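Structure record follows, encoded as structure tokens.
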Amino acid sequence: MQDQIRVDVLVVGAGPAGCTVALNLAPFYKVLVVTHQKPTTKAVGESLPAAASRLMQDMGLWSSFLNEEHQPHRLSKSHWGSSEAHFNDSIRNLDGHGWHLDRHRFDEWMLQQARVRGAGFLKCSALNDINFQSYREMWSVEIEVDGRRVQINANWLVDATGRKSFVAKRLGYSPKTMDKLACGWMIGKLSESAEQESEIYAESEGWWYTSVLPKQQRLLAFYTDADLTSAKDAHCHIALLKRAQQLSGLAQTLGQTSFTKSDLKHGFCAANSATLPQYAGHRWLAVGDAAMSFDPLSSQGIFNSLYTGLAASTFVFEELKRNQPRYQVNEYNNALVEIWNTYTNNQSSWYTDQKRWPQSPFWLRRQKGGVF
Ligand SMILES: Cc1cc2nc3c(=O)[nH]c(=O)nc-3n(C[C@H](O)[C@H](O)[C@H](O)COP(=O)(O)OP(=O)(O)OC[C@H]3O[C@@H](n4cnc5c(N)ncnc54)[C@H](O)[C@@H]3O)c2cc1C
């Protein structure tokens, strides 16, 4: 016989966005978060902007976050529109400094906050069926847990599955991919302490990002389009390092880092912008990357996961409070449309600022705009 669980809200995915929804709703409603038995991808991205402190305060997380002692991020240096360096110092930011997160520890902490506030977690090996039963006004979702089939009945369903948008796709809403940006990254060991500033360098086929990570490590990431020949370098850590050494400023920064085999971690992943055609529908919502994913140049992905997670939980809270639901999902949809429009305008202005390689497909595509 199939096990049955009845909840108010079912969240699929336990990244920052899913945990934000869960931790805000769990004190008031029965919330279950379904996670992967074996996560297939490692979370990447560690730069959290200073404005996140406001969201943390709104959610009652601020002092606990500070106790985690993530690394302050005060200064960034960029060689973007010209070879000259431009500095961005947090001293001019009203919210103060941002953070370089120990990303694994941050995600675990978010999960713990949701658990402490009463959210349930269930690890599943497969998500089989997602059905909306109109006669009961309820979702019925079948998952597999340790070889057993479990049916979950929920009033609201939240897609927090990251770039996969797993639930939205099952409901027939595929994300629209805007570009082919991909990232080849590597993490090496620092031989001595180094400047905490992050650095960005534009080059003919893309751009580079490097920053110091916790535990005496350095991240080096190269962003280019997956269909360009430069993507071959992004796949291979030896070619990646050789390419980085061709930029003299970057080569100098990397000087104190060992990228030898025993110290090295590396990977290749998608980093493109994408958006769902709509972010919510009848008793379902998408949050974080599942709703829209950003170019990492923005450093806004984690912030957006917290923001949309909080907005979604506020919306669902109100809907569940009324015995007569309003189904005004347009409010949530419209708020996210505004975020997407602001993001795309900013993104277009960052890329048009760079005019040094007029023949390069990487820059031409972005300056022309549109989807590629
Ligand atoms: C190369 C790169 C660099 C980045 N750098 C930064 C940065 O510096 N700063 C920043 O703010 N952002 C950065 N980002 C973006 C940031 O990492 C994401 O925006 C953020 O992780 C999104 O959080 P999320 O909770 O929406 O999704 P995720 O963190 O992807 O979490 C999704 C969760 O859902 C789970 N899941 C997926 N499918 C299923 C399923 N079928 N069933 C159950 N669970 C499922 C996954 O296992 C995962 O736990 C970067 C992204 C990339 C690709």
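Final position of the sequence shown in our numbering is 815; the numbers increase by one with none missing. By construction, the Cβ of each residue, glycine as well, lies at the ideal position given by its N, Cα and C atoms. Since we're looking at a predicted model, the values are computed, not measured.
- H479 has its Cβ nearer than 8 Å to a heavy atom of ligand 1.
- Apart from sequence neighbours up to five positions away, the residues of its chain that approach Y472 with a beta-carbon distance below 7 Å are D451, V452, L763, ordered along the chain.
- The C-alpha of K675 lies about 11 Å from the C-alpha of R686.
- Per DSSP, the unbroken alpha helix (DSSP H) holding Y775 starts and ends at 772-795.
- The shortest C-alpha to C-alpha distance from R591 to any of K612, W599, C567, F575 is the one to C567.
- Comparing C-alpha distances from L518 to each of G458, S641, M553, E551 shows the shortest one belongs to S641.
- Checking the 8 Å criterion, the Cβ of N747 is within range of a heavy atom belonging to ligand 1.
- Sequence-distant partners of E635 (beyond 5 residues in either direction) whose C-beta falls short of 8 Å from its own C-beta, in its chain, are Q699.
- Judged by their CB atoms, G631 and Q660 are nearer to each other than the 9 Å cut-off.
- For T604, the distance from the CB to the nearest heavy atom of ligand 1 is below 8 Å.
- For L491, the distance from the CB to the nearest heavy atom of ligand 1 is below 8 Å.
- The distance from the Cβ of F746 to that of S716 is about 15 Å, inconsistent with a contact at the 8 Å cut-off.
- For C626, the enclosing beta strand (DSSP E) stretches over residues 624-633.
- L753 is positioned such that its CB atom lies closer than 9 Å to that of L498.
- Judged by the Cβ position, P459 qualifies as a neighbour of ligand 1 at the 8 Å threshold, a heavy atom of the ligand being closer than this.
- Per DSSP, the beta-bridge partners of P515 are W542.
- Between S803 and the set S673, L537, A677, the nearest pair of CA atoms involves S673.
- In the DSSP assignment, T667 falls within the beta strand (DSSP E) that extends over 660-668.
- R449 counts as exposed, since fewer than 16 other C-beta atoms from the protein chains shown sit within 10 angstroms of its C-beta.
- A straight-line Cα-Cα distance of about 43 Å links L468 and K811.
- Exposed is the label assigned to N574, since fewer than 16 other Cβ atoms lie within 10 Å of its Cβ.
- Placement of the Cβ of Q743 at a distance of less than 8 Å from at least one heavy atom of ligand 1 is found.
- Not a single heavy atom of ligand 1 lies less than 8 Å from the C-beta of G698.
- By DSSP's assignment, Y652 forms a beta bridge with I643, A664.
- Apart from sequence neighbours up to five positions away, no residue of its chain approaches N788 with a beta-carbon distance below 7 Å.
- In the three-state reduction of the DSSP assignment, L600 falls in the strand class, which pools E and B.
- Under a 10 Å Cβ-count criterion, A569 is classified as exposed, with fewer than 16 other Cβ atoms of the shown protein chains found around its own Cβ.
- Selection Q797, G461, M629 evaluated against L697 yields M629 as nearest (Cα-Cα).
- Of the residues assessed, R546 falls on the buried side of the cut-off, its CB having 16 or more other CB atoms within 10 angstroms.
- Every unbroken stretch of the beta strand (DSSP E) spanning 3 or more residues and falling wholly within the stretch 520-571 is given here in chain order: 529-532, 541-543, 563-567.
- V455 has its Cβ nearer than 8 Å to a heavy atom of ligand 1.
- By the 16-neighbour rule on beta-carbons within 10 angstroms, P618 is buried.
- Taking 9 Å as the cut-off, the beta carbon of L633 is found no closer than this to the beta carbon of S533.
- Rounded to whole angstroms, the Cβ separation of G692 and H522 is 6 Å, and the two are in contact under 8 Å.
- The beta carbons of T667 and F760 sit no closer together than 9 Å.
- By alpha-carbon distance to D602, the top candidate from G615, V593, S506 is G615.
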